[in-house]
Amino acid sequence: MSETEFFKALADPTRRAVFERLADGEMNATDLRQGFALSQPAMSQHLAVLRTAGLIAEQKHGRNVLYRINPDGVARIHRWLSRYNAFWPGRVDDLKQLLKEMDQ
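Per the UniProt record's numbering, the sequence shown starts with residue 1, numbered consecutively.
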């Protein structure tokens, strides 16, 4: 699974909203659809993309399927973003210095 896949999955506003909704806890597809103008097949497709990207997991309980955030997928996003933590503070400091110099 590449980093591109999880960013592609989250590029869609509906999938981002579904992912954010799952931050509150496990939900089934019917509950996840509330508030969206989506058919069940469309929601299933969004869930499949998120699941394929490794961002969510599903657990079957009889006929019911509950979806939840996959901590491993979130950890991958965090690892990717953490590579750039060292980059930004120095860049912001450089910008502050440049703006000071421009004011003088």
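Each residue gets a CB set at the ideal place from its N, CA and C atoms; glycine is no exception.
- The bridge partners DSSP lists for Met102 come to none.
- About 18 Å separates the CB atoms of Trp88 and Glu3; that is not less than 8 Å, and the two are not in contact.
- Between Ala53 and Glu5, the gap from beta carbon to beta carbon is short of 7 Å.
- Arg83 sits away from His46, with the two beta carbons spaced by 7 Å or more.
- Within the same chain, Cβ atoms closer than 8 Å to the Cβ of Asn64 are found at Asn28, the five residues on either side in sequence being excluded.
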